[in-house]
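Report on the following structure.
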Amino acid sequence: MKTYHLPVILCFVSKVTILTPATVANLGPGFDCLGLALDISLRVEVEESQGLHISYQGEGEVPLNQNNLIYRALVLAYRRLGKTLPGVKIHCQNDIPLARGLGSSAAAAASGLLAANHLLGEPLGGDELLELGAELEGHADNMAAALFGGCQIVIQDRGRLAHSPVKLPRGLKAVLFIPDFEMPTLKSRALLSPQVSREDAVYNLGRVAMLVAALAQGKLELLTLATQDRLHQPARTKLFQAMPVIFKAASEAGALGVCLAGGGSSILALTKVNTSAIAQAMEKMAKAEGVSGRTLITQPNTWGAHRPQE
Ligand code: HSE
């Protein structure tokens, strides 16, 4: 019998690039259970190397040592799979403003997890990445949207997470007012009461259900009511007193729905038209209230964290 020897090609992956979107959690009433990915990104390159080298370009400043969240995500994924992370060189290009409710931490954690998963031959599925990401970063709503893109619903059940996408209407635009001041999530959450009244719970339940239906069915005229909230935004105005009047200015300029982005400080206005007028109205009202900041017109995205084609 003849024996054939096939050539064996060993392919070691030692470098990977990951692109991850910004995200807005809550969308008003969906406190801790809705997230929307936006077309603003964090690009991360991870390469096996000697020791740890991190370089960073873009928004704000982040730790360039072992406290770096991308690095911590890499370590967590390797450790969870019983492996030791080799030395790595990490390069980040980050367009996501930090501590402004735009999911920069979730994007960093998701990038590290995806990079680790790729370097290790893709052993982890989406659900496992979500569990790890939420464990590391703490906010499953941002994490689900960062990993899977678009609009995501996420819920917890006895420590496990379940998630589902929400169909988005075509042509939806996102207008952001991004204040110069930060609202770190811990500080912004510390303002929230541990208990809510039944009346407020029902107020939000109806609106979040209406919001999902409005997005999925393209009934955008419902967004004005469907983005209202009583569970977190009112308490958070203590850190951002001009929030309600900036919401009002955006609505009067034609925004369909307006909400605080995650725990703040950015404000998100959803619309199909009049994006520049809405941006200008928000900036003008903020300025009149003594709040400096900038505006950004973007759109929801459908891609989550992924390896871009080079
Ligand atoms: N759902 C979280 C919060 C998101 O509102 O605190 C933090 O970005």
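According to the working numbering, the residues represented by the sequence shown are 61 to 370, in order.
Don't be surprised by glycine CBs; every beta carbon is placed ideally from N, CA and C.
Checklist line | I156 - DSSP class collapsed to helix/strand/coil | finding: coil
Item checked: Beta carbon of A169 nearer than 8 angstroms to that of A200 -> no
Notebook entry, point to check: Is it the case that the CB of D201 approaches a heavy atom of ligand 1 more closely than 7 angstroms?
Noted result: yes
Checklist line | Cβ-based burial, N127 [other Cβ within 10 Å; buried from 16] | finding: exposed
Next item on the list: Determine, using beta carbons only, whether A85 and G95 come nearer to each other than 8 angstroms.
Entry: yes
Checklist line | Residue ranges of each beta strand (DSSP E) within the segment 235–316, 3 or longer | finding: none
Next item on the list: Would you tell me roughly how many angstroms separate the C-alpha atoms of Q117 and I156, rounded to the nearest one?
Entry: Approximately 11 angstroms between the Cα atoms of the pair.
Margin query: With the cut-off set at 8 angstroms, would you say L346 and F237 are in Cβ contact?
Written below: One detail in the question is off: residue 346 reads as Ala in this sequence, not Leu. Cβ atoms of A346 and F237: closer than 8 angstroms.
Notebook entry, point to check: Do the segment 98–111 and the segment 157–176 meet, that is, are 3 or more Cβ pairs less than 8 angstroms apart?
Noted result: yes
Check: Do the segment 196–210 and the segment 328–346 make contact, defined as three or more Cβ pairs closer than 8 angstroms?
Finding: Taking a contact to require three or more Cβ pairs closer than 8 angstroms, the segment 196–210 and the segment 328–346 do not qualify as touching.
Next item on the list: Identify whether E343 lies in helix, strand or coil by the three-state DSSP scheme.
Entry: helix
Item checked: Where S109 falls: helix, strand or coil (DSSP) -> coil
Next item on the list: Output the distance between the C-alpha atoms of L70 and M243, rounded to the nearest integer angstrom.
Entry: In this predicted model, L70 has a pLDDT of only 44, less than 50, meaning its place in the structure is not dependable enough to derive any value.
Note to self: Excluding the 5 residues flanking E312 on each side, which residues of the same chain have their C-beta closer than 8 angstroms to its C-beta?
What the structure shows: A341
Item checked: DSSP state of T144 mapped onto helix, strand, coil -> Secondary structure at T144: coil, using DSSP grouped into helix, strand and coil.
Check: Given 8 angstroms as the limit, is there contact between the segment 269–284 and the segment 252–259, that is, 3 or more CB pairs closer than that?
Finding: At 8 angstroms Cβ cutoff, the stretches do not touch.
Next item on the list: Kindly indicate which residue of K75, K143, L162 has the alpha-carbon position closest to the one of C319.
Entry: The shortest CA-to-CA distance from C319 to any of K75, K143, L162 is the one to L162.
Checklist line | Proximal residues to L184 (C-beta, below 6 angstroms), its chain only, five neighbours per side dropped | finding: N177
Next item on the list: Would you tell me roughly how many angstroms separate the C-alpha atoms of L93 and V214, rounded to the nearest one?
Entry: It should be pointed out that residue 93 corresponds to Cys in this sequence rather than to Leu. Each residue's alpha carbon lies about 5 angstroms from the other.
Notebook entry, point to check: Near V268, what residues of its chain come up, given a Cβ to Cβ distance below 6 angstroms and the 5 sequence neighbours on each side ignored?
Noted result: P89, G90
Checklist line | Sequence-distant residues of its chain with Cβ nearer than 7 angstroms to N334 (five each side left out) | finding: Shown here for N334: same chain residues with a beta carbon closer than 7 angstroms to its own, the five before and five after excluded, namely A313, G314 in chain order.
Next item on the list: Go ahead and pull the three-state DSSP assignment for R132.
Entry: helix
Check: Applying the criterion that 16 or more other CB atoms from any shown protein chain within 10 Å of the CB defines a buried residue, is P123 buried or exposed?
Finding: exposed
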